[in-house]
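**Student:**
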Amino acid sequence: RGALSKIEKHVVRSRIIAGEPRIDGRDTKTVRPIAIRTGVLPRTHGSALFTRGETQAIVVTTLGTGRDAQLIDALEGMRKENFMLHYNFPPYSVGETGRVGTPKRREIGHGRLAKRGVMAVMPSIDDFPYVIRVVSEITESNGSSSMASVCGASLSLMDAGVPLKAPVAGIAMGLIKEGDDYAVLSDILGDEDHLGDMDFKVAGTTEGITALQMDIKIDGITTEIMRKALEQAKEGRMTILGEMAKVITEGREEMSEYAPRLITFKINPEKIRDVIGKGGSTIRAITEETGATIEIDDDGMVKIASVEKAAGDEARRRVEMVIAEVEVGTIYEGKVAKIMDFGAFVNILPGKDGLVHISQISDERVENVSDKLSEGDVVKVKVLEVDRQGRIRLSMKAVTEEEKATA
């Protein structure tokens, strides 16, 4: 078996050095046929199927909110990761059986490389305030599955509506070196990786390189070989980007109907406790009644996420009502919260009650407040005064007089 492997290695390498066709009939610079589809999975936020020769990746993008960020317990302390890329390489992708379990070192490394390739073109969290997770599932592999993941991730992200600075593509370069003779190979096969001297992965855009990784089995390479490998990689990258551009060139304007809609705005940090309420009662009521999720940062940045835009808009309206300041002279519609002998307390804004004195209920003399009002009644009141202690004085009579004057 060892002798046969040596013969195989010698034949493959000598043919390539002699300028003859490679194993699959290509010359040294040709990229394998590429097939691309986006939006292949209807329920996901973004998806792409990228096929190059016998290497294929299904890549899915999911958009989330700040609470979905990954917590990293690093040496320098805890931090949040807003962009995740996970690479899965199941045994069936290379025609083998085996247990599919936790990611192995190779899968983690390939995922990190693919992530680095895409990171350079990702929008900032301020421009696109979503937490993003990309998962690349390799369904068949014959060389360069990590670079297929880079291409698929770029396509999937754009399909999800992520405004990438530019599309990214990746290619794996190989090398056959015998003495002073050498040949640089574009888009290598698995066998060429195994029988060759180098696996040099290059990811980038039309403008430049975003990630590099090199594995070599020889002592080193010359500057000339490196220059040729990078030049050839650029040609191959441009070919792949050209094929990708036929399908999609930038993030879609309309995101998936299943993706969360985000609304961000800033409030006075001193008002945060009002929005949260006693024991979280206010914020919990808003989220339960609207179906939206609300996050508030210490600096007063409010992030509202909802699948339906109307739910997000309603949650924002409710938050703005909570933090709204009561304005003297303004007419509010409120609900009678409590009846007292001397008047009634009316809730005009969330967490803000004012007193309608018995003398301000009606033009007529009122003997008993309960003759005119009951708890739960919805009434229109005008703010007469807000004193230094924040107590609010209201009047129903003033509203009636104002309506008569304008009639």
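If you use our numbering, the sequence shown corresponds to residues 207 to 613, in order. Virtual Cβ for every residue (Gly too), placed ideally from N, Cα, C. Treat the numbers as computed from the prediction; the structure is a model and nothing was measured.
Between residue 556 and chain C, is any beta-carbon pair separated by less than 7 Å?
**Tutor:** Absent from the structure: chain C. Only one protein chain is present.
**Student:** Contact between the segment 412-432 and the segment 319-326: three or more CB pairs below 8 Å?
**Tutor:** A contact exists between the segment 412-432 and the segment 319-326.
**Student:** Could you please give the first and the last residue of the uninterrupted beta strand (DSSP E) stretch that includes residue 400?
**Tutor:** Element bounds for residue 400: not the beta strand (DSSP E) but the alpha helix (DSSP H), 396-401.
**Student:** Assign residue 342 to buried or exposed, taking buried as 16 or more other Cβ atoms, counted over all protein chains shown, within 10 Å of its Cβ.
**Tutor:** Classification for residue 342: buried.
**Student:** Is residue 574 buried or exposed, if buried means 16 or more other CB atoms sit within 10 Å of its CB?
**Tutor:** Its Cβ having fewer than 16 others within 10 Å, residue 574 is exposed.
**Student:** Using a Cβ-Cβ cutoff of less than 7 Å, which residues in the same chain neighbour residue 564 once the five nearest sequence positions on both sides are dropped?
**Tutor:** Answer for residue 564: 548, 549, 572, 575, listed in chain order.
**Student:** Going by CA-CA distance only, name the one from 363, 478, 398, 510 that's closest to residue 383.
**Tutor:** Nearest option by C-alpha distance: 398.
**Student:** When you compare only the Cα positions, how much space is there between residue 243 and residue 479?
**Tutor:** Going from the Cα of residue 243 to the Cα of residue 479 covers about 48 Å.
**Student:** In the DSSP assignment, the beta strand (DSSP E) including residue 509 goes from what residue to what residue?
**Tutor:** Segment 507-512, the beta strand (DSSP E) holding residue 509.
**Student:** Roughly how many angstroms lie between the CA atoms of residue 311 and residue 339, to the nearest whole one?
**Tutor:** So the two alpha carbons sit approximately 20 Å from each other.
**Student:** CB-CB under 6 Å to residue 238, same chain, minus the five flanking residues each way: which ones, in chain order?
**Tutor:** Contacts found: 258, 259, 393.
**Student:** With a threshold of 16 other CB atoms inside 10 Å of the CB of residue 210, please say whether the residue is buried or exposed.
**Tutor:** By the neighbour-count rule (16 or more Cβ atoms within 10 Å), residue 210 is not buried but exposed.
**Student:** Could you give the distance in angstroms between the alpha-carbon of residue 386 and the alpha-carbon of residue 376?
**Tutor:** Whole-angstrom Cα-Cα distance: 28 Å.
**Student:** Does the separation of the CB atoms of residue 215 and residue 401 fall below 7 Å?
**Tutor:** Yes; because the gap between Cβ atoms is below 7 Å, this pair is in contact.
**Student:** For residue 356, name the three-state secondary structure that DSSP assigns.
**Tutor:** Residue state, collapsed to three classes: helix.
**Student:** With DSSP as the reference, label residue 293 as helix, strand or coil.
**Tutor:** Three-state DSSP puts residue 293 in a strand.
**Student:** Going by CA-CA distance only, name the one from 536, 591, 435, 556 that's closest to residue 521.
**Tutor:** Checking every option, the nearest Cα to that of residue 521 belongs to 556.
**Student:** Taking the alpha-carbon positions, what's the residue 582 to residue 543 distance?
**Tutor:** Their backbone Cα atoms lie some 6 Å apart in a straight line.
**Student:** Just list the alpha helix (DSSP H) runs in the segment 279-350, keeping only unbroken ones of 4 residues or longer that don't cross its boundaries, in chain order.
**Tutor:** Counting whole runs of 4 or more residues, the segment 279-350 contains the alpha helix (DSSP H) stretches 311-325.
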